[in-house]
Every structure is written in C-alpha cells, then in structure tokens.
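For reference, the structure is listed below as structure tokens.
Chains as they are written, first to last, in this note's numbering: chain A, 1 to 300; chain B, 1001 to 1395; chain C, 2001 to 2102; chain D, 3001 to 3188.
Below, the structure written as structure tokens:
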C-alpha cells in the first residue's frame, strides 16, 4: 500500500468520469467511515469505476478496505448475510457494513432487498448516491428521475415531454420510504455540502441498526452540463429547494440546512440540457411541488 | 424421519453458522426444523429468513464471503428466482450447500416432483448430487460441505432430493454422532490469500469486472474444479464409508455387470427400479440392470462408460424435458458416448413429469422397450414419453 | 516490456483483487484534455479545491502549498469553478493556451 | 411386504398415524416407510397416507396401488371415493364407525375385503377428549391384523407425544385393541 493512502479509504486512480459527482460523494462518505468497514457495491457506475473491467488484471483497486460486488439488486440482502455471518463467527464487533448503490439500484431493482434488510433490523449503513437515472447504461430514467427530465427512455417527442409522473410529483421519495420502516437513522446529503455529509456519515457510523443515507450527486454527462459545474449544480439543487438536507434520527426530523433565501427552481433547471424543453407552465408545476415538499418538512 | 428432517439433522451435525432461506413447498419443513434447532440452542447459528429466495441466496453469499459455513434450501420457482445469484456464488467460489427438494416449474402450476428446477441450474457451476433415500440425503449433506470447502473444488453444491417423494417420506435414518461428524468435517477455515474472504485486516475486492482476456480462464478454472471434484467425491465418499459405514459412489451400477439392458436415472426412480430389476430377473429371467447417476454435475463420464460398455441398450430416464431434444440427462449420456468405440443403443425417456408417479409397471415398460431395441437395433420412438395420455394429445 | 503480471503459478481462481490502494499505479491523468493550473500568488491555501476534487488529485504539501497531482487529475475543472479566489485557470493540455479563466 | 393405505381428512391425523405405524414396525426390527399423498391438503380435504412394512429394506418409492390393508379414519369420504379400490382380495379394512361390518358394506363404505369396524371416534372423545383418532384406530389395526404389536405402538406414541398426551392415547389404543380382540372375529 502506498504511504500516501494510509488514512484514506478511496484513493486516486479510480475510473470514474471527469467531474463525477458520485465518486465525490463516496470519497467523503468512505473517508469519514474509516477502515473498519466491509463494503458491498451494487452494480452501478461506482462499482464499475472502482472494480470494473480495467481494474482487475493489474490490481488497480482504489479502495483500501474490503469490498464485494454480487449483482445489481442484492445490496440489502448481502449485507444482511454478512451481518449474520460475522455475528455467528463472533467477529461482528468494530466492523461497519456498508451497502452502496445508485438510485436505480436502490429505488427500483434493489428496493426489495433493502426493505427486507431494514425490516429485519440488520446492522448496516446503506448509501444511495443519486444521479437521478441509470447512468452506467447511458442515462435511462429511474424511480428518482425528476419530473419532466429527458432521459434516453423518457425522451421529448411529439407525444411525451420527458419524465412523466402521474399524479405529478418530484420523484420517488426514497428517504421517506426508508423512514417509514422505522429505522434509527435516515439522512439526505449533497456533494456540495461535504461537512454536512461527513457529519451525517460519522453520526450514522456510531449508531447501530439499519441506517440510510441518500446523497444527491449530479451527473454532468447525463444531465447535460459542463463537468466543471457538478458541485455548483448540487449546490443549486439545495439552494432552490429541489433537494433538501435533513436527517430523521429515531423518528425525529431535523432539517440540517435551512436555506434562508430560496432561489427559484428555474435557475437550477435552466442550466441542464435534460430540461431544455421545459415550458414556464412546467417550471411552475415543479416549483409548486417543491413548495409543497417544503411545507411538509415544516419549512417556510 | 422424513427426507426434510434428515437434511435438517445433517445441517445441524455440520454445525453451520448461517442458514438463510425463504419458505416454499415442499422445502419448508427443512427450514422449520432448522429454526427450531436454533431457537432451542441445539444449533448455534444465525437463521435469516430473507424477503425472497433471491434475497436468501444473496444473504448466503454475504455470509459465506465473510467466512461462515452456510446452508440454504429451496426448489422450483424459488430456485429459478435464485438463478442470477447461483452463478455469482459459483464464480466467487463460495462453498455454499443447498438442498433442492426437486419440484416442477410453473406453468402449469403444481407443487409436485420433477427435476426441471435443478436442470435450469445445470450449467451454473454448482455441483449437483441426486439422492434416493432419506439416509443418503443426510449423509450427502455432510459430505457436500467437505467437498465444497476443499481448496481444489471451492464450488457450491446442490443436494437434490425428490420433492414429496423423498422430502415427505418417513423412514429409518441413522443419525451419526456429533463428535464423529466433527472429526470428519472440521469447521470451515477459508484461506484469506486464496478464497473469497472479506476481512478488514486483509482488504480484498471481490466480484468485480473481468475483461475478455481473462474470463475464459476463470471459467476454465471452474471447469477444472468440477473435474477435480470427481476425484474428491470418491475420496470423501470413501472416508465417509470408513467413518460411518455407508458409501454411495459417483454412480451406482446395480446388477449392470451382466446386464443386456440398463436403465439410467437420478433420484427416487432409481430406488424403485432396483426392485423392479430384481423382480424381472427372478420372474422373467431378463438380464436388466440399473445405473444410478448420483453425481450429475460433475457428470461421471468414466463411470457411465464403464458400467454400460457391454450393454446392448441403455434407457436414459429423465424427470425433466429439454425442448427440441428430449431430456437433458439424455444429452449428457449421449455426449459421453460420442467417442466410445462400442456403445449401447440409447433410449431417450421422459417420465415422472409434474409429480406423475413412476410405478413398477412403468419401469417394466422401460425395460421391455430397451430389450426390444436391443433385439431390433432400433428405437420405437426418438423420444419416449412414458405414461403420456395419448388419448388427450395424440403422439 | 515489463514481465506479464499473471502466470501459471500465480493466476487466481477468481478475478478478486488483493491490492488495496493499487489504483495509485493507474495514472488516470492521461485521460485529461485540459489542465488546471494554480496561480500561487492568488491562492489563499483554503483547500476548497482539495475538498471538491472527485479524483483526489490535489493536496497540500508539507510546505503548505496546494499542488495538483497531474498523474491523477482528469481535468474536470471543478477546482477552478469552485475556487473562491479564482486562482486556478484551465489551459489546453497541449500548447497551454488559456481556455477559461477561473 | 405389507402396504397400508390410510384415508382421512386434513387435520384428522392420518399422516401422523401412518408415521406412528411405521415407527412401531421399526421398533420390531422391521423396515418401514410412510408418506402422505403429495399436495398441500387443507383442513377437511380428503387425503391419503401410506405405510410400507417389510423384513428387508424397502426400495419402492412409487405410490401404493394394491394395499394389503386400508384404514378409514372418516367413513364419509366413501361418498366421493372408492375406499377399498385396489385392496388385495384377502385384505382387511379397518373403519372408524359405530356401524356393524354388515352395515358398513350396505352403506358401501367398504365394498370388499374383510371389514373391521371400530367406533374410534367415541373412544377418542371419551378417553382423549378430542376428535383426533389416528392412534385409537391403530390399536384396532393391531388387533385385527397382528402386523404390529400393541407394545411397539405404545413406544412409538411415547416417542412422539409429551407424556400426558401419550398416556391418554395409549389408554385409548388399548381400549380399541380390546374391543376388537373381544369379538373373536373382528368383522362383526
């Protein structure tokens, strides 16, 4: 092991795209967790970037902790098995089990195993990095794709105008679904607020039981903005209220960043090619949904 | 005790660390017994009832990858649901043992015995062993852990027992002494430098991508491990025989030595067929024998050739269908024979589908047809559907 | 040519990787098409660029200077975009002609 | 080899009965096997269970087509099924019924074989205090056929149930056994 990566969990030389939001999310989350972890990586951009095809032959592995990839939808169940296995062997103490998946791997195909693991009360932290579509396969819509966003499978044409939700809603609300499981800790985070993210991960690491952290991680390629603007886009999502930073600790909601002057969502949408078809009426509809969500969270 | 009870007793004797499963008929009582053993403290293990068979196999992979000895059981739709992960378990070289209470696959829906479920996993890299009695079920599970965990094999194993016909049949079973089993089967000790083992002290990335330049080589390694497993199956079976007085072999050639015709099959059909063969020899003087294929993966090519070399006809009776071909087991036998200089005429027989009983009279028909083929040098039909109601479907 | 990584003796049974942090040997900086350059005079050493670099390609040296590790920098430009002092400029990989000002 | 077929309804204990009989035979040094009709039989649905007993290991794993004995836990099933179908000509049917053998034949509960009626339900109600009569009818089976000793059945029952339950079942089995034995010819 190189001396320069002694205290890091994710080091340089990984194969994520330039300007990748998701790898930045993992860099902060994993480094905050430290080295006493075992990670399960669901099939995803991050799995490919960390242990994909080019990585094996020469062992160019960017983590300094053990990790396993099994399949796309397995994360919750595999960490459940690890939890049971380590318990049975008397080796459970001092190890945090981490399941990492993207939004598709979490909200769509992997929801069942995640729900099962949460319901059974296994001891693990689940990290969902959310780039709002299946980016590994080239930008297909997922359960967390934002209303009206154009993806390759929710394109804009004569009859359809990007991602449709009936009835209209922003996206599938994964943190709320996880909170409904009654688990001890649920949090949202953003790559634009690394201190907040790190704090939440560390808090989760010190707890037991199922813990869920959902990190908003823009994708330059999929969303259509310059790769230098990844962090800026994540910040705009929070500042316009399209993404809210909060935690639910043992059932108690705490909004960790109360945006004082919420910007109109138009500022956020206008910078992304996936929304370039959007009309004022559609922007108004999204704005309304954001306002509603804020009300639900007890904000202005 | 029932076949399912025998399996559960074996899992207890193997002192597994984790059992993860999902209920499905007729497997359910296996995991009920195991849950009971764990609840009573008779077995010191973790029981994890997953949210699906898919989750169960995922959890087995998770548990095995941190070094636990792991067992699961399923069949039919459950086994089909595990399909994706079965390949992953084999590819990660995790020595998981699974009991499969063989049951048909829907549609049509039914809960009765045939082998189509396990046939779907034929090429997954798992070893498959088919048993014919409750005693053999118990003994084979214990053997399976020892074989699976061997460094030269490191592949998961399915122990297949006919759903209901064996899983729910009660008969006398000798349960070996725990200490003797412990001596035969020590705890699983994975090698962190060789096995898939996730340990914070020895960080490892497992299950990642592999470019085309290497994938074939890893698959070759699995193929080689299955070949090596044949030797190990013999060795472990022999050691088991020494320790417990019972031995089974990769195949059992029952009265095949002087047989003109032989019937090859897997599972409980074999047991009934042995009885029928005795009777036909005694009453009619027919020289018939039965070849039990105990190990299906790896396929015991040498043993099959040796047992059938002198026979005039070989009827391969299969409880599963390969559409467009006949039966999967027939393909295996025919492939095995392809380079033999002298070979029997082969009959491709499908029987016992969807729980249809294979009675003594049915087996007699198979021997009759095989004798006729031996005499005439021709088979009556390319694929024989034994007991098919022709008044409904013609044929 | 270096000698082959794998041979008959060491080829494993799985493509498992037993080389934690081994990616440091992979110089992903070769993917870079444009290049960030820090203007030391403008740099306030705040470290924001380090925080937001997805490639972990910026570090503070023992002397307290912020340095880009070009072996790993993929040239995304997030550092330049986030720099509050506008101390990082993006230049073309070849010829160093300025493409954007931070 | 002796083959025994049980007829009952889901919840009446036919499957357990077939297992106890197999266990009892095993205790006499014989080989035995028992299995139910294969399916997810629900409470009340007619079902069958089987026991095979032999002096040598049993290899047959097909269903029973020509039983030596039939044990009927619930005679009302005869409305829908021929309960003595395939019964060997010298076979015996043990029927749970208050009727005489003649009436059993008249009512077409059993159409062939030697008929041995026993009012197992009443004995079960009186002694065990319930309607599960699988053990009771095995007492009658032992008396009528001599295929298994009463003592072996007791051992099998003791092995299967907790002591207080086993004791009541043994007492009820004894009564059924003696009722049949006292007739001289079982088919009264």
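Where a beta carbon is used, it is the ideal one built from N, C-alpha and C, also for glycine.
Since we're looking at a predicted model, the values are computed, not measured.
In this structure, the CA atom of residue 2010(C) is about 11 Å from the CA atom of residue 1193(B). Residue 2045(C) holds the alpha-carbon nearest to the alpha-carbon of residue 2062(C) among 2045(C), 2092(C) and 2093(C). Taking a beta-carbon distance threshold of 7 Å, residue 1274(B) counts as an interface residue toward chain D.
Between residue 43(A) and residue 77(A), the C-beta spacing is not below 7 Å.
By the Cβ neighbour-count rule, residue 1061(B) is buried, with 16 or more other Cβ atoms within 10 Å of its own. In this structure, 3144(D) is the residue among 3159(D), 3144(D) and 3163(D) with its C-alpha nearest to the C-alpha of residue 3179(D). Rounded to the nearest angstrom, the gap between the Cα atoms of residue 1054(B) and residue 3151(D) is 49 Å.
Not one beta carbon of chain C lies nearer than 7 Å to the beta carbon of residue 1060(B). Secondary structure note for residue 3005(D): its beta strand (DSSP E) is the uninterrupted segment 3002-3009. Under the criterion of beta carbons closer than 8 Å, residue 27(A) and residue 41(A) do not qualify as touching, at roughly 14 Å. Taking a C-beta distance under 7 Å as the contact criterion, residue 3136(D) and residue 3176(D) qualify as a contact pair.
With a threshold of 16 other beta carbon atoms within 10 Å, residue 3032(D) meets it and is buried.
Taking a beta-carbon distance threshold of 7 Å, residue 2016(C) counts as an interface residue toward chain B. It is roughly 50 Å from the alpha-carbon of residue 1388(B) to the alpha-carbon of residue 1190(B).
Following the DSSP letters along the chain, one finds residue 1302(B) inside the alpha helix (DSSP H) bounded by residues 1301-1308. Under the DSSP assignment, residue 102(A) falls in the beta strand (DSSP E) whose first and last residues are 96-102. Residue environment analysis places residue 264(A) among the exposed positions, since fewer than 16 neighbouring C-beta atoms fall within 10 angstroms of its C-beta. Spanning the alpha carbons of residue 3092(D) and residue 3114(D) requires a straight line of approximately 5 Å. Between residue 90(A) and residue 160(A), the alpha-carbon positions lie close to 56 Å from each other. Each residue's CA atom was taken as its position, placing residue 1085(B) and residue 1100(B) some 15 Å apart. Within the same chain, and ignoring the five residues on either side of residue 36(A) in sequence, the residues whose Cβ sits closer than 6 Å to its Cβ are 94 and 95. Excluding residues up to 5 positions away in sequence, 3119 lie with their Cβ nearer than 6 Å to the Cβ of residue 3098(D) in the same chain. Taking every protein chain shown into account, the CB of residue 66(A) has 16 or more other CB atoms within 10 angstroms, so this residue is buried.
In the pairwise beta carbon analysis, the segment 1031-1048 of chain B is classified as not touching the segment 1160-1173 of chain B: fewer than three pairs are separated by under 8 Å. For residue 201(A), the closest of 213(A), 209(A) and 191(A) by C-alpha to C-alpha distance is 213(A).
Look at the segment 220-276 of chain A and you find these whole runs of alpha helix (DSSP H), each 4 residues long or longer: 220-223, 230-239 and 266-269. Contact check for residue 3127(D) against residue 3168(D) passes: the beta carbons are separated by less than 7 Å. Identification of chain B residues near residue 35(A) by a Cβ-Cβ cut-off of 9 Å yields 1200 and 1203, ordered along the chain. Runs of alpha helix (DSSP H) with 4 or more residues, each lying fully within the segment 1307-1339 of chain B, are found at 1328-1337, listed in chain order. Counting the other Cβ atoms within 10 Å of the Cβ of residue 234(A) gives 16 or more, which makes it buried.
By the beta-carbon neighbour count (other beta carbons within 10 angstroms, threshold 16), residue 1302(B) is exposed. The way I'd put it, the segment 2071-2089 of chain C does touch the segment 2034-2050 of chain C; three or more beta-carbon pairs between them come closer than 8 Å. Residue 1033(B) carries a helical assignment under DSSP once its states are collapsed to helix, strand and coil.
For the segment 1122-1181 of chain B, the continuous alpha helix (DSSP H) assignments of 4+ residues that do not extend past its boundaries occur at 1134-1148, in sequence order. With respect to residue 1147(B), residue 1043(B) sits apart: the two C-beta atoms are not nearer than 7 Å. Close to chain A, meaning a Cβ-Cβ distance shorter than 7 Å, are the following residues of the segment 2046-2060 of chain C: 2051, 2052, 2054, 2055, 2056 and 2057.
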